[in-house]
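Okay, so the sequence shown: first residue is 14 according to this note's numbering, each after it adds one.
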Amino acid sequence: MNFKFEISNLKLKLCVSVSLCLILTCIPTASTQKRTRPAQRSQAPAGPYVPPSSEEPPPDPRTKPAAEPRPQKAEPPKRADVEVGEDEVVRINASEVLLPVTVRDADGRLVTGLGRGDFKVFEDGREQPLSDLSLRQVPVDVALLVDASSSVAESFEDFRRAADDFAAGVSADDRFCLVKFDDRVELLLDWSKSRLQLRRALNRLSTGVFTRFNDALLLAAREQFQRNERRRALVVLSDGIDSNRGSATAEAALRSLLEAQVTVYAIANTEIERARKREELDNLLGGNDASVRFNQLRIGDLREGLRVLDASEENLSALTRATGGRLYRPPSFRSLASVYAEIADELRHQYALYYTPTAPARDGRFRRVRVEVPGRDYEVSTRVGYYSERMK
């Protein structure tokens, strides 16, 4: 009996050993695993957003990153009749282009009442004839993005009120969705015209730690905006500092926004953060020599933080210019309501210019666009260009 028991026990140990060996062979060793150091939020942005050059054809715009995150939806999608956005170059068919345009005078006031003959449109340096469909009213879909990291979390109440007023200020045919981003990107409300649904979604805002800013832009462009006849706009509240914990780069985010033909309006809390850091820095530098030496580490962090804010603001400015939008830097979160109201007013008074390119080659190439109002001292804003359709 003892002998049989020892044989059975030996067989059991042998089976366990073989199983462990098989499991261990499936686990990558430390030398083969890719290790990434957690990125710090104070890390400077990679560099300004640079639109592609029309002289060098970009890669296939249909190409997507291999390991791309998808937004996590807090409620079942309601996308049965999704049409999207405002403010962007939208193709109506294989050749016609819709170009949303904002015109302001020398005092920054919106200019209305212009006709088709007041505009000149250039594509890759060649003037384009405007079609008879120019200046017609086109509905807009607006994606509201909010940074839910700790630096913006205190603005939630002001943001809720501002977003609710914004929904009341857009036209009846316009729609909006709500996306929050921190450690992850989450769709809180899919396309809707209901202020009640928006209020419920706003009440589900919660605070995170990190900021996947580039992922939020890229995913909103690819998941929320489709090619159709509506204008497309994205309004984002953030300091624009990406924590580098996602997969998207600033360049990939910009390309996706241009491919989706989305106009970006950025509301940066950089002035608010900058004022705080400068106040703390002045207090530390105003102490005696011993105190200054003791606080050298914190002083260095504050100076680096100010540098990062400057770089982020530059990136946001480049991003909004490239997409035909605008950068806002409110001095306090209490100013959010007026900023969102100004954006809603701009969307209501945009011009929608249609034209058919004189060289409508379907090669997927990036086409640079410029709009002018000759003989007037006006500031004309539109996206820097669009990607032509690629022949399938």
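Ideal Cβ positions, reconstructed from N, Cα and C, are used throughout, including at glycine.
None of the values given here were measured: they were computed from a predicted structure.
For residue 140 and residue 213, I'd like the C-alpha separation in whole angstroms. In the sequence shown, counting from the first residue as 1, residue 140 sits at position 127. In the sequence shown, counting from the first residue as 1, residue 213 sits at position 200. Approximately 48 Å between the Cα atoms of the pair.
Measure the alpha-carbon distance for residue 290 versus residue 297 and round it to whole angstroms. Working through the sequence shown from its first residue, we reach residue 290 at position 277. Working through the sequence shown from its first residue, we reach residue 297 at position 284. Take the alpha-carbon of residue 290 and the one of residue 297: they are about 11 Å apart.
C-alpha gap between residue 305 and residue 293, whole angstroms: Taking the first residue of the sequence shown as position 1, residue 305 is located at position 292. Taking the first residue of the sequence shown as position 1, residue 293 is located at position 280. Cα-Cα distance, rounded: 12 Å.
State buried or exposed for residue 397, treating a residue as buried only when at least 16 other CB atoms are found within 10 Å of its CB. Within the sequence shown, numbered from 1, the residue matching residue 397 stands at position 384. Buried is the call here.
Based on the DSSP secondary-structure assignment, which residues constitute the bridge partners of residue 189? As a first step, residue 189 must be located in the sequence shown, where it is residue number 176. For residue 189, which the question treats as bridged, DSSP gives the partners 155, 205.
Is the region 166 to 180 close to the region 378 to 386, with three or more CB pairs under 8 Å? The region 166 to 180 is not in contact with the region 378 to 386.
For residue 358, which of 129, 108, 184 has the nearest alpha-carbon? On the sequence shown, residue 358 is found 345 positions in, with the first residue counted as 1. Between residue 358 and the set 129, 108, 184, the nearest pair of CA atoms involves 184.
Residue 274 versus residue 399: straight-line alpha-carbon distance, rounded: Counted from its first residue, the sequence shown places residue 274 at position 261. Counted from its first residue, the sequence shown places residue 399 at position 386. Straight-line Cα distance between these residues: approximately 7 Å.
What whole-angstrom Cβ distance do residue 330 and residue 340 have, given they're in contact under 8 Å? For the purposes of this step, residue 330 is identified with residue 317 of the sequence shown, where counting begins at 1. For the purposes of this step, residue 340 is identified with residue 327 of the sequence shown, where counting begins at 1. Residue 340 and residue 330 do touch by the CB rule: their CB atoms are close to 5 Å apart, below 8 Å.
Where residue 127 sits in the DSSP three-state scheme: Taking the sequence shown and counting its residues from 1, the one referred to as residue 127 is at position 114. In the structure shown, residue 127 adopts coil according to DSSP, grouped into three states.
Could you tell me which of 116, 130, 142 sits nearest to residue 109, measuring between CA atoms? As a position in the sequence shown, residue 109 is number 96, starting the count at 1. Ranking the options by Cα distance to residue 109, first place goes to 142.
Would you tell me roughly how many angstroms separate the C-alpha atoms of residue 207 and residue 167, rounded to the nearest one? Here residue 207 is taken as the residue at index 194 of the sequence shown, counted from 1. Here residue 167 is taken as the residue at index 154 of the sequence shown, counted from 1. Their Cα atoms are separated by approximately 25 Å.
Beta-bridge pairing of residue 251 - partner residues as DSSP gives them: What you label residue 251 is simply residue 238 of the sequence shown in a count that begins at 1. The beta-bridge partner set that DSSP reports for residue 251 consists of 281.
Taking only the alpha-carbon atoms, compute the straight-line gap between residue 155 and residue 374 and give it to the nearest angstrom. Sequence index remark: in the sequence shown, residue 155 carries index 142 (1-based). Sequence index remark: in the sequence shown, residue 374 carries index 361 (1-based). So the alpha carbons of these two residues sit roughly 30 Å apart.
Check whether residue 246 and residue 192 have beta carbons under 8 Å apart: Taking the sequence shown and counting its residues from 1, one reaches residue 246 at position 233. Taking the sequence shown and counting its residues from 1, one reaches residue 192 at position 179. Against a cut-off of 8 Å, the Cβ pair of residue 192 and residue 246 comes out as no contact.
Which of the three DSSP states is assigned to residue 183 in this structure? Counting from one through the sequence shown, the residue named residue 183 turns up at place 170. Coil.
Can you find at least 3 beta carbon pairs, one from the region 215 to 230 and one from the region 249 to 262, that sit closer than 8 Å? Taking one beta carbon from each stretch, the region 215 to 230 and the region 249 to 262 have 3 or more pairs nearer than 8 Å; the two touch.
By DSSP, does residue 220 sit in helix, in strand, or in coil? For the purposes of this step, residue 220 is taken as residue 207 along the sequence shown, with counting starting at 1. For residue 220, the three-state secondary structure derived from DSSP is coil.
So, for residue 29: in the same chain, excluding its five sequence neighbours on each side, which residues have a beta-carbon less than 7 Å away from its beta-carbon? The count along the sequence shown starts at 1 and reaches residue 29 at position 16. In this prediction, residue 29 has a pLDDT of 40, which is less than 50 and means its spatial position is unreliable; nothing more can be read from the coordinates.
Pick out whichever of 204, 313, 354 has its Cα sitting closest to the Cα of residue 182. Looking up residue 182 in the sequence shown gives position 169. Of the candidates 204, 313, 354, the residue whose Cα lies closest to the Cα of residue 182 is 354.
Return the residue from the list 346, 390, 178 that minimises the CA-CA distance to residue 250. On the sequence shown, residue 250 is found 237 positions in, with the first residue counted as 1. Residue 346 holds the alpha-carbon nearest to the alpha-carbon of residue 250 among 346, 390, 178.
CB residue 380 to CB residue 118, shorter than 8 Å? Stepping through the sequence shown from its first residue, residue 380 is reached at position 367. Stepping through the sequence shown from its first residue, residue 118 is reached at position 105. For residue 380 and residue 118, no; Cβs fall outside 8 Å.
Cα-Cα separation between residue 99 and residue 322, rounded to whole angstroms: In the sequence shown, residue 99 corresponds to position 86, counting from 1. In the sequence shown, residue 322 corresponds to position 309, counting from 1. Caution is warranted here: a pLDDT of 36 is assigned to residue 99, below 50, making its placement in the model unreliable, and the coordinate value is therefore given only provisionally. Going by the C-alpha atoms only, they are around 29 Å apart.
Would you kindly check if the distance between the Cβ of residue 262 and the Cβ of residue 342 is under 8 Å? Locating residue 342 in the sequence shown gives position 329, counting from the first residue. Locating residue 262 in the sequence shown gives position 249, counting from the first residue. No, the pair does not count as a contact, with Cβ atoms beyond the cut-off.
Which residues DSSP lists as bridging residue 109, in chain order: Counted from its first residue, the sequence shown places residue 109 at position 96. In the DSSP output, where bridge partners are listed per residue, residue 109 has none listed.
Buried or exposed for residue 115, going by 16 or more other Cβ atoms inside 10 Å? The residue given as residue 115 occupies position 102 in the sequence shown. By the C-beta density criterion, residue 115 is buried, having at least 16 other C-beta atoms within 10 angstroms.
How many angstroms separate the CA atom of residue 313 from the CA atom of residue 194? By one-based count along the sequence shown, residue 313 stands at place 300. By one-based count along the sequence shown, residue 194 stands at place 181. Rounded to the nearest whole angstrom, the CA to CA distance from residue 313 to residue 194 is 29 Å.
Collapsed DSSP secondary structure at residue 313 in the structure displayed: Locating residue 313 in the sequence shown gives position 300, counting from the first residue. In the three-state reduction of the DSSP assignment, residue 313 falls in the helix class, which pools H, G and I.
Pick from 112, 371, 120, 403: whose alpha carbon is nearest that of residue 390? Counting from 1 along the sequence shown, the entry for residue 390 is found at position 377. Cα-wise, what sits closest to residue 390 is 120.
Residue 310 burial status per 10 Å Cβ neighbour count (16 or more: buried): In the sequence shown, counting from the first residue as 1, residue 310 sits at position 297. Counting Cβ neighbours within 10 Å, residue 310 comes out exposed, since fewer than 16 surround it.
What residue does the beta strand (DSSP E) around residue 341 start on, and which one ends it? Position 328 of the sequence shown, counting from 1, holds the residue named residue 341. Here the beta strand (DSSP E) through residue 341 covers 339 to 341.
Within 10 angstroms of its Cβ, does residue 199 collect 16 or more other Cβ (buried), or is it exposed? Within the sequence shown, the letter at position 186 stands for residue 199. When all chains shown are included, residue 199 counts as buried.
For residue 135 and residue 307, I'd like the C-alpha separation in whole angstroms. Translated into positions along the sequence shown, residue 135 becomes position 122. Translated into positions along the sequence shown, residue 307 becomes position 294. Approximately 59 Å, taken between the alpha carbons.
Going by the beta-carbon positions, is the gap between residue 367 and residue 201 smaller than 8 Å? In the sequence shown, residue 367 corresponds to position 354, counting from 1. In the sequence shown, residue 201 corresponds to position 188, counting from 1. Going by C-beta atoms, residue 367 is not nearer than 8 Å to residue 201.
Could you name the residues of the same chain whose beta carbon sits closer than 8 Å to that of residue 326, not counting the 5 residues immediately before and after it, in chain order? The residue given as residue 326 occupies position 313 in the sequence shown. Only residues of its own chain outside the window of five on either side were considered, and among them 253, 281, 283, 340, 342 have a CB closer than 8 Å to the CB of residue 326, listed in chain order.
Buried/exposed call for residue 372, threshold 16 Cβ in 10 Å: Within the sequence shown, residue 372 is the residue found at index 359, counting from 1. Taking every protein chain shown into account, the CB of residue 372 has fewer than 16 other CB atoms within 10 angstroms, so this residue is exposed.
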